[in-house]
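Structure first, then comments.
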Amino acid sequence: MKRDKTIFDLIEKEHLRQLHGIELIASENFVSDQVLEAMGSCLTNKYAEGLPGKRYYGGCQVVDEVETLAIERAKEMFGATWANVQPHSGAQANAAVMMAVMDAGDTFLGLDLSHGGHLTHGSFVNYSGILYKPVAYKLKEEDGTIDYDMMEALAKKERPKMIVAGASAYSRDWDYARMRAIADEVGAILMADVAHPAGLIVTKLLNNPFPHCHIVTTTTHKTLRGPRGGLIVVAGDFENPWGRKTPKGQVKTMTQLLDSAVFPGIQGGPLEHVIASKAVAFGEALTDSYKEYIKQVQVNAAKMAECFIESGYHVVSGGTDNHSMLIDLRSKFPDITGKQVENTLVLADITVNKNMVPFDSRSPFQTSGIRVGTPAITTRGVKEGQIVKIVEFIDEILSDIDNDSTIASVKKKVNDLMKDYPIFAY
Ligand SMILES: Cc1ncc(COP(=O)(O)O)c(C=O)c1O
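Okay, here's the thing in structure tokens:
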């Protein structure tokens, strides 16, 4: 068959973009060669609806072994007793949990989108806000940390069926024990979506959501450095409190509800090539070299927050416990929007994303902030010394944002710096 030069030329172009630039998008990373290889394997050819040992298709003996390994490694990483590795993405993992736990119209609590929550935590444009009734808790204005008192008051008033911990843009650790106490008080299921900090949780650098949370979801492609995908884990199964039954009349356990919510609830055939790649990434996450990597991610993020603060920027909550932070531009550049910063930095091969900051005066399309993170650049080998330079590059551009020659000169420095850092570390 004739090679599709058009597409492969574009792939090479994207490869060079990744190679030359500084990637600061907190939700991105660079996978290893073996994670990439498994994703591009012949496993993509196989239909395997169902679970290992219980498939609707023949010829699943090999993918059964692959998926079983992925499940075992996922359980080992999180100290869980059950895992479903099939969700195609983080959004799918959350959809499956919501389907298992709630009926349409039921109330749940999630972190406000403009305060760092994710679309799937109750945005009105997402299934979570369309099918269910979300109620948002927020951050405290004085210090930019989660307002657990507000969460408790809302829980008592609204009696939600579920409370969701976790965020897309929150740089502090979570008090899962306090959230479980709130959930227990109102009889709610507590779910943590650890899509962002998962890698720091499995290496014990941040609080473990277990045993406090009933259910944990994550993406596999952010700090976990695996293929694009989702994962659901549970530590200790239990009968569903609403008495939903199997066709034989037995009360279903939570993990039975979750398995059937993933398939046939919201998905069809699993992506076994991606599941193989997840298994490889989980295997890597269990190694000492990953532990060193993720520790450096945290050290680099702390250094980055310190540098931004020293340069006069406001970092929401005053710093970071994890891999990411939100920079509120208003303290130093009240007239510059997050959108303008994102669009200008990309001209110098620095990639960030615009982000609402808590109590933002601008719309989500403009924003007063940017979100930055260190997982990707740390995979390339960057350490604290280069973090200082990277923040200097950003500050140089923002201090002279309309000057094309400043942008060009920073771009050269960015490309020169990144020459020393290969993308694939293995
Ligand atoms: C907290 C959180 N949950 C879920 C998701 C959704 O993941 P995906 O993009 O894989 O659907 C994200 C993605 O950014 C996220 O940050």
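Quick note on our numbering: the sequence shown kicks off at 11 and runs consecutively. Beta carbons are placed, not taken as given, at the ideal position from N, Cα and C, and that holds for glycine.
Nearest to I242 by CA position, among H222, R13, I81, V420, is which residue? Within the sequence shown, numbered from 1, the residue matching residue 242 stands at position 232. For I242, the nearest C-alpha among the options comes from I81.
D203 CB to nearest heavy atom of ligand 1 below 8 Å: As a working mapping, residue 203 is identified with position 193 in the sequence shown. Yes - ligand 1 has a heavy atom lying nearer than 8 Å to the Cβ of D203.
V244, enclosing beta strand (DSSP E) - first and last residue: Indexing the sequence shown from 1 puts residue 244 at position 234. Note, V244: beta strand (DSSP E), 240-244.
Let me know if N460 comes out buried or exposed under the rule of 16 or more other beta-carbons within 10 Å of its beta-carbon. Examination of residue 460 is not possible in this model, given that the chain is present from 11 through 436 alone.
Judging by CA-CA distance, which residue of V76, Q96, E33 is the nearest neighbour of S270? Within the sequence shown, numbered from 1, the residue matching residue 270 stands at position 260. Nearest of V76, Q96, E33 to S270, Cα basis: Q96.
Considering just the uninterrupted stretch of the beta strand (DSSP E) at K143, what are its terminal residues? To locate residue 143, count along the sequence shown from 1; it is residue 133. Per DSSP, K143 belongs to the beta strand (DSSP E) from 143-147.
Measure the CB-CB distance between Y137 and R235 and report whether it falls below 9 Å. Here residue 137 corresponds to residue number 127 of the sequence shown, with the count starting at 1. Here residue 235 corresponds to residue number 225 of the sequence shown, with the count starting at 1. Against a cut-off of 9 Å, the Cβ pair of R235 and Y137 comes out as no contact.
Quick one: what's E249 bridged to in DSSP? The count along the sequence shown starts at 1 and reaches residue 249 at position 239. Its beta-bridge partners are T263.
With hydrogens ignored, establish whether the beta-carbon of Q102 is closer than 8 Å to any heavy atom of ligand 1. Against the sequence shown, residue 102 aligns to sequence position 92. At least one heavy atom of ligand 1 is nearer than 8 Å to the Cβ of Q102, so yes.
CB of F118 within 9 Å of CB of P170, strictly: Residue 118 sits at position 108 when you count from the first residue of the sequence shown. Residue 170 sits at position 160 when you count from the first residue of the sequence shown. Yes; because the gap between Cβ atoms is below 9 Å, this pair is in contact.
With a CB to CB cut of under 6 Å and the five nearest residues on each side skipped, what residues in its chain are close to Y436? Counted from its first residue, the sequence shown places residue 436 at position 426. Low confidence applies here, because Y436 scores a pLDDT of 45, under 50, leaving its location unreliable and the question unanswered by this model.
Closer than 8 Å to a non-hydrogen atom of ligand 1 - does that hold for the CB of A177? What you label residue 177 is simply residue 167 of the sequence shown in a count that begins at 1. Because some heavy atom of ligand 1 lies under 8 Å away, the Cβ of A177 counts as near it: yes.
When the distance is taken between beta carbons, is G100 closer than 9 Å to T228? In the sequence shown, counting from the first residue as 1, residue 228 sits at position 218. In the sequence shown, counting from the first residue as 1, residue 100 sits at position 90. Cβ distance < 9 Å, so T228 and G100 count as in contact.
Consult DSSP for A198 and reduce its assignment to one of helix, strand or coil. For the purposes of this step, residue 198 is taken as residue 188 along the sequence shown, with counting starting at 1. Correct three-state label for A198: coil.
Same chain only: Cβ atoms within 8 Å of I211, ignoring 5 sequence neighbours per side: Position 201 of the sequence shown, counted from the start, is the residue given in the question as residue 211. Counting only Cβ-Cβ distances below 8 Å, and skipping sequence neighbours, we find F88, V204, N217, N218, P219.
Helix or strand or just coil, what does DSSP make of Y436? The sequence position of residue 436 within the sequence shown is 426, counting from 1. Low confidence applies to Y436: its pLDDT is 45, below 50, so where it sits in the model is not reliable enough to give any reading.
Pull up the distance between the alpha-carbon of S371 and that of T377, whole angstroms please. On the sequence shown, residue 371 is found 361 positions in, with the first residue counted as 1. On the sequence shown, residue 377 is found 367 positions in, with the first residue counted as 1. Each residue's alpha carbon lies about 8 Å from the other.
Buried versus exposed, by CB contacts within 10 Å (16 or more), M366: Locating residue 366 in the sequence shown gives position 356, counting from the first residue. Flag for M366 reads buried.
What residue range does the alpha helix (DSSP H) around N10 cover? No answer is possible for residue 10: it lies beyond the span of the chain, which begins at 11 and ends at 436.
Ordered along the chain, which non-local residues of its own chain (more than five positions away) have a Cβ less than 7 Å from that of I433? Locating residue 433 in the sequence shown gives position 423, where the first residue counts as 1. Here the set comprises Q28, L29, F40, R390.
Proximity test, S37 beta-carbon vs ligand 1 heavy atom, cut-off 8 Å: The residue you call residue 37 lines up with position 27 of the sequence shown. Within the cutoff, so yes.
If you check the beta carbons only, do H131 and L141 fall under 9 Å apart? By one-based count along the sequence shown, residue 131 stands at place 121. By one-based count along the sequence shown, residue 141 stands at place 131. Their beta carbons are not under 9 Å apart, which means H131 does not touch L141 by this criterion.
When you compare the CB positions of T416 and S334, do they come within less than 9 Å of one another, or not? Position 406 of the sequence shown holds residue 416. Position 324 of the sequence shown holds residue 334. Result no, Cβ atoms of T416 and S334 do not sit closer than 9 Å.
Check whether L61 and E86 have beta carbons under 9 Å apart: In the sequence shown, residue 61 corresponds to position 51, counting from 1. In the sequence shown, residue 86 corresponds to position 76, counting from 1. No, the pair does not count as a contact, with Cβ atoms beyond the cut-off.
Give the DSSP-derived three-state secondary structure of D338 in the structure shown. If you number the sequence shown from 1, residue 338 lands on position 328. It is a strand residue.
Put F118 into one of helix, strand or coil per three-state DSSP. The residue labelled residue 118 in the question sits at position 108 within the sequence shown. F118: strand per DSSP, three-state reduction.
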